[in-house]
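Protein chains in written order, with the numbering used here: chain H, 224 to 482; chain V, 224 to 482.
2 protein chains.
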Amino acid sequence: MKNNKRPLILVTNDDGVSAPGIRALIDVAKKIGDVCVVAPDSPQSGMGHAITVNNTIYCDKVDLSDPAVQVYSSSGTPVDCVKLAMNKILDRKPDLCISGINHGSNSSINVIYSGTMSAAVEAGTQGIPAIGFSLLDYSLEANFEPSKRYVEQLCRQALANGIPKNVVLNVNIPNLPAEEIKGTKVCRQANAQWKESFDKRTNPHGRDYYWLTGEFVNLDSGEDTDEWALENGYVSVVPVQFDLTAYTALEQIAEWELP
Amino acid sequence: MKNNKRPLILVTNDDGVSAPGIRALIDVAKKIGDVCVVAPDSPQSGMGHAITVNNTIYCDKVDLSDPAVQVYSSSGTPVDCVKLAMNKILDRKPDLCISGINHGSNSSINVIYSGTMSAAVEAGTQGIPAIGFSLLDYSLEANFEPSKRYVEQLCRQALANGIPKNVVLNVNIPNLPAEEIKGTKVCRQANAQWKESFDKRTNPHGRDYYWLTGEFVNLDSGEDTDEWALENGYVSVVPVQFDLTAYTALEQIAEWELP
């Protein structure tokens, strides 16, 4: 990695190094700076902030036939990838870490299950400005072209302005043609939850097993939320913190009768 | 599950259904209410809020030779276990979900990597009062006896007072003899991070691989933090929220020049 004036951008994701979404991020990042990609070698959706503590981690340089971009593929989780990049691959601290573009939404409560966002959060804990991007289209054939304009400007603004300390950005992009996206809204995480519905089946050996399925339920009618923005054609930008302390609850719990 | 007046307590963990720590929680929970255990069939440390989306999940009733407790063992993650309990196992909503006792600390930034805490957070998202417990001793021979008094009173207080909406508790217990634990402190999450140091090795086939290791660095000198409490002999109780919005950053990001 040359130590010149171009910003160094670390790119990762949770859909795997060969997913189309990460290609869109790389395309944008190359216009802005030097690019290093460290991403999982297979899909890691729903991995949350998992790390590999009881197993080995492989990490190999792979050829992407693009000399301007270094690409590494790892058997680890998205969070492992960020840790490997920081500790073993990069020779200087990146100026920005971008994760995604995820195939599917990471809005509202999905932020806590998301490998895409956990990679960004991990970078944030290490003092690197970081943004996770997701497109509301699960398909492998999703069209990432309309997203690029928003990705580029958010990266440029993050590099120009910085991101507040201990904060990373969760960006979700509606699945709309470019001309139908109305703009960007900075918003709060909607209060929502998943209502699970496990699909029970029996394997050929007679043992029951389950598939996790579920329905997303938005409990929040606020017009300042990410869900509202996305439903109304806006790109949502939620600043996310990893100090999880519920400060407003401190006093109430302190009144409990405890030994 | 009888629908009587005894509270229903869901017990889970991330160290696996056979770990000693969960036995301590079960012992305490049995004194307070009806108990159902749904826990991973193998250790799941560091799984964060991972869920199993691309694989099957097994979940079988297991005999723990204790007729007062129903025990299920699942191939899923801690979060999967809570979802399975809510959706497939319990016939009513639990009054409390407790997770742990984890073998090792989940204080400060560890909360985001912790399967123990993610199980509690998952219960919280489903409107169940929830507490994650961890003892600062990684050993399988850890002594959980001194923890029980604190576990019991926290459970009783949570059932009596409720826990504020959208908040769960992260409880860490110092590894000290009972008489040296000074009491309980309600506190905020310390600002801390992990400095990684990957151990690089070569496998018998000549391919390099890594083990993730790291050093915990407390960046926070505040005496109102969980790290301070634990270092000074107190049980730390941090109220944790899963609305991750960094409200104080909303205004600053809203000033960015965005399409």
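Note that beta-carbon positions come from the ideal geometry of N, C-alpha and C, so glycine has one too.
- DSSP places R246/H within a helical segment (H, G or I) once states are collapsed to three.
- Given a length threshold of 3 residues, each whole run of the beta strand (DSSP E) inside the region 262-318 of chain V is given here in chain order: 282-285 and 292-297.
- Of all residues in the region 454-469 of chain H, only V460, V461, P462, V463, Q464, F465, D466, L467, T468 and A469 place a beta-carbon less than 7 angstroms from a beta-carbon of chain V.
- Residue range G338 to T348 is occupied by the alpha helix (DSSP H) that includes T339/H.
- The residue among S459/V, S268/V and T275/V with its C-alpha nearest the C-alpha of V374/V is S459/V.
- L481/V is positioned such that its CB atom lies closer than 8 angstroms to that of T407/H.
- Inclusion of T235/V and Q416/H in the CB contact set at 8 angstroms is not warranted, their separation being larger than that value.
- Only buried fits K306/V, as 16 or more other CB atoms lie within 10 angstroms of its CB.
- Within the same chain, Cβ atoms closer than 7 angstroms to the Cβ of G385/H are found at P352, the five residues on either side in sequence being excluded.
- Contact annotation for S420/H against chain V: N310 [CB-CB distance below 9 angstroms, chain order].
- Of the candidates D257/V, K316/V, K388/V and S331/V, the residue whose Cα lies closest to the Cα of N441/V is S331/V.
- In this structure, the CA atom of N277/H is about 47 angstroms from the CA atom of E403/H.
- Contact of H272/V with chain H is assigned, a C-beta pair being separated by under 8 angstroms.
- Contact between D422/V and Y433/V holds, since their C-beta atoms are separated by about 7 angstroms, short of 8 angstroms.
- Non-local beta-carbon contacts of K254/V in its own chain, meaning distances under 8 angstroms to residues more than five positions away in sequence, involve E375 in chain order.
- Within the same chain, D431, Y432, Y433 and W434 come within 8 angstroms of R424/H by CB-CB distance, once the 5 residues on both sides are set aside.
- Burial state of P397/H is buried, judged by a 10 Å Cβ sphere holding 16 or more other Cβ atoms.
- With distances taken between CA atoms, R379/V lies nearest to L248/V out of A273/V, N455/V, L248/V and E419/V.
- Approximately 7 angstroms separates the beta-carbon atoms of V344/H and I335/V; this is inside 8 angstroms, confirming the contact.
- Interface residue (Cβ-Cβ distance to chain H less than 8 angstroms): Q380/V is classified as such.
- Per DSSP, the unbroken beta strand (DSSP E) holding R424/V starts and ends at D422 to T425.
- As far as DSSP is concerned, Y373/H takes part in no beta bridge.
- For V285/H, the closest alpha carbon among the candidates V391/H, D447/H, L358/H and V240/H is that of V240/H.
- DSSP places L231/V in the uninterrupted beta strand (DSSP E) bounded by L231 to T235.
- For the C-beta of K253/V, not a single chain H residue is nearer than 7 angstroms; the gap to the nearest is close to 20 angstroms.
- Apart from sequence neighbours up to five positions away, the residues of its chain that approach A308/H with a beta-carbon distance below 6 angstroms are L233 and V261, ordered along the chain.
- Judged by pairs of C-beta atoms under 8 angstroms, the region 464-478 of chain H does not touch the region 350-366 of chain V, as fewer than three such pairs exist.
- In the DSSP assignment, A353/H falls within the unbroken beta strand (DSSP E) covering A353 to L358.
- Put simply, the CB of L287/V is far from chain H, with every gap to its CB atoms at 8 angstroms or more.
- Interface with chain H (8 angstroms Cβ-Cβ cutoff): E368/V is excluded.
- For P387/V, at least one C-beta of chain H is nearer than 8 angstroms to its own C-beta.
- The beta-bridge partner set that DSSP reports for Y433/H consists of K423/H and I280/V.
- Against chain V, the CB of T279/H has a partner CB under 8 angstroms away; the residue lies at that interface.
- A residue is called buried when at least 16 other Cβ atoms come within 10 angstroms of its Cβ; P290/V does not meet this threshold and is exposed.
- Assignment of W417/H by DSSP, reduced to helix, strand and coil, places it in the strand class.
- Listed along the chain, the chain V residues whose CB falls inside 7 angstroms of the CB of T235/H amount to none; the nearest CB is some 15 angstroms away.
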